[in-house]
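Student: Below is the structure I would like to discuss, written out as structure tokens.
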Amino acid sequence: MIALRTLALLAATAPLLAGCNAGSQPTALVTEPAATRSLYPHVVMPEGSGCSAVIGRYDAVLKADAETGNVNKSVYENIQGELSSARSACAAGRDGEARSLVSASKSRHGYPG
Numbered sequence: 005m006i007a008l009r010t011l012a013l014l015a016a017t018a019p020l021l022a023g024c025n026a027g028s029q030p031t032a033l034v035t036e037p038a039a040t041r042s043l044y045p046h047v048v049m050p051e052g053s054g055c056s057a058v059i060g061r062y063d064a065v066l067k068a069d070a071e072t073g074n075v076n077k078s079v080y081e082n083i084q085g086e087l088s089s090a091r092s093a094c095a096a097g098r099d100g101e102a103r104s105l106v107s108a109s110k111s112r113h114g115y116p117g
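The sequence shown runs 5 to 117 under our numbering.
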């Protein structure tokens, strides 16, 4: 989780640091929309705006964090249980509830909202 926060901080400050190269041509640092950008290049982030896409993006980050050792197995399984409730709400058409469950899980486990 710390690595995720560090990467997010670096991504947020990179445009500021890029301005230090006076006289050079500015280059685009980001070519994808923020919603589909991935902190892990090998992770494909689900697109869309519905609750299933929100759940899918959070799940993709969690799986990558588990694979890299940034989240231990018991925490990963706990979060997957929370996502199960969000998936059920989403499947039942309760988009707001599903999003709220994801947001609460992210907050509880230190993921950016």
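In this text, a Cβ means the ideal position worked out from N, Cα and C, and glycines have one as well.
Keep in mind that this is a model prediction, so the values were computed, not measured.
Quick check: the Cα distance between Ala64 and Val48, rounded to an integer number of angstroms?
Tutor: Going from the Cα of Ala64 to the Cα of Val48 covers about 7 Å.
Student: Which same chain residues end up closer than 6 Å to Leu101 when comparing Cβ atoms and leaving out the 5 residues on each side of it in sequence?
Tutor: Before going on, a small fix: residue 101 reads as Glu here, not Leu. Excluding sequence neighbours, Glu101 sits near Ala93.
Student: With a threshold of 7 Å on Cβ separation, who are the neighbours of Leu80 within its own chain once the five nearest residues in sequence on each side are excluded?
Tutor: Here the sequence assigns Tyr to residue 80, which means Leu is not the residue at that position. Around Tyr80: Leu66, Ala70.
Student: Express the C-alpha separation of Ser56 and Arg98 in angstroms, rounding to a whole number.
Tutor: C-alpha separation (whole angstroms): 11 Å.
Student: Using only CA atoms, which one of Ala96, Tyr62, Asn74, His46 lies nearest to Gln84?
Tutor: The candidate whose alpha carbon is nearest that of Gln84 is Tyr62.
Student: With Ser53 as the anchor, note down where its alpha helix (DSSP H) starts and where it stops.
Tutor: Element bounds for Ser53: n/a, residue is neither H nor E.
Student: Exposed or buried, what is Arg91 when buried is set at 16 or more other beta-carbons lying within 10 Å of its beta-carbon?
Tutor: Buried is the call here.
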